[in-house]
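One structure below.
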Amino acid sequence: MTQKSEWPDFFPDGVPPENAIPAAGKAFRIVASIPPTDSDFLSNVEKYPDRSYGENLWMACGLSFHRQLECSKRTRKRFPALRKCRIALGILKPEHGVQLETGNRKFPSHFTVWKRQDALIQPDFAVDGEENGLSTS
Numbered sequence: 011m012t013q014k015s016e017w018p019d020f021f022p023d024g025v026p027p028e029n030a031i032p033a034a035g036k037a038f039r040i041v042a043s044i045p046p047t048d049s050d051f052l053s054n055v056e057k058y059p060d061r062s063y064g065e066n067l068w069m070a071c072g073l074s075f076h077r078q079l080e081c082s083k084r085t086r087k088r089f090p091a092l093r094k095c096r097i098a099l100g101i102l103k104p105e106h107g108v109q110l111e112t113g114n115r116k117f118p119s120h121f122t123v124w125k126r127q128d129a130l131i132q133p134d135f136a137v138d139g140e141e142n143g144l145s146t147s
C-alpha cells in the first residue's frame, strides 16, 4: 500500500524548499471575491500549467501572501489583472503547508506558502482585509 504524498504531484524535487517553516500567522491574500473560493488558492502552476516558469518554478508552485495590507494594495495596483480583486485576511496554520519569506525592497512583507495536498486554506480567509483594516505588523 502506497502512502499519499503530503505535497501535490506537480511539485518538482526541492519544492517546498528545505528552509521553509510551518505556515502560521495573520496574512493577506489577493482574491477574486469575499468570501474567497477554492480557486483563489491555486498556484500559478495549477492555473497556468502550460506556462514556462524557468528558474522561478519553485515560487510558481506556491501561493503569494503579505503580512501588511499596504503591500497587498501595492501589488494589486501594480498588476492590471488584479485591480478589481479584493484582499482577504486570514490565519495560516501548519496544516495548510509551509512558508518562506520571499519579499524584496518594494514588497517587504511578501512570503510564499506551499500548500499541502488537499489542504483547504480558503475557509480561514473569509474576512475582508480592507474593511477590517487590521494591522499584522
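Residues 11 to 147 (our numbering) are what the sequence shown spells out, left to right. We put the CB at the ideal spot given by N, CA and C, even for glycine.
* Asked: Do R84 and F121 come within 8 angstroms of each other at the CB atom, strictly closer than that value?
  -> Not a contact, by the Cβ cut-off of 8 angstroms.
* To do: Mark T12 as exposed unless 16 or more other C-beta atoms lie within 10 angstroms of its C-beta, in which case mark it buried.
  => Note that T12 scores a pLDDT of 42, beneath 50, so its modelled location is shaky and nothing firm can be said.
* So what's E16 in DSSP terms, helix, strand or just coil? -> Under the three-state reduction of DSSP output, E16 falls in the coil class, being neither helix nor strand.
* Asked: Going along the chain, which residues of its own chain have a beta-carbon closer than 7 angstroms to the beta-carbon of M69, five neighbours each way excluded?
  -> T112, T122
* Does the distance from the C-beta atom of L99 to that of F38 stay below 8 angstroms? -> Yes, Cβ-Cβ distance for L99 and F38 is below 8 angstroms.
* With V107 as the anchor, note down where its alpha helix (DSSP H) starts and where it stops. => Looking at the sequence itself, residue 107 is Gly, so the reference to Val does not match. Per DSSP, G107 belongs to no alpha helix (DSSP H); it is in the beta strand (DSSP E), 107 to 111.
* To do: Go ahead and pull the three-state DSSP assignment for F75.
  => strand
* Asked: Near Q132, what residues of its chain come up, given a Cβ to Cβ distance below 6 angstroms and the 5 sequence neighbours on each side ignored?
  -> P46, D48, F51
* To do: Give me the Cα-Cα distance between L67 and E28, rounded to the nearest whole angstrom.
  => 15 angstroms
* To do: Determine the burial state of A33: buried for a count of at least 16 other Cβ atoms within 10 Å of its Cβ, exposed for fewer.
  => buried
* **Own chain, CB closer than 7 angstroms to I40, minus 5 neighbours either side, in chain order** => S82, T85, R86, L92, C95, I97
* To do: Take the Cβ of F75 as the centre, count every other Cβ of all protein chains shown within 10 Å, and call the residue buried at 16 or more, exposed below.
  => buried
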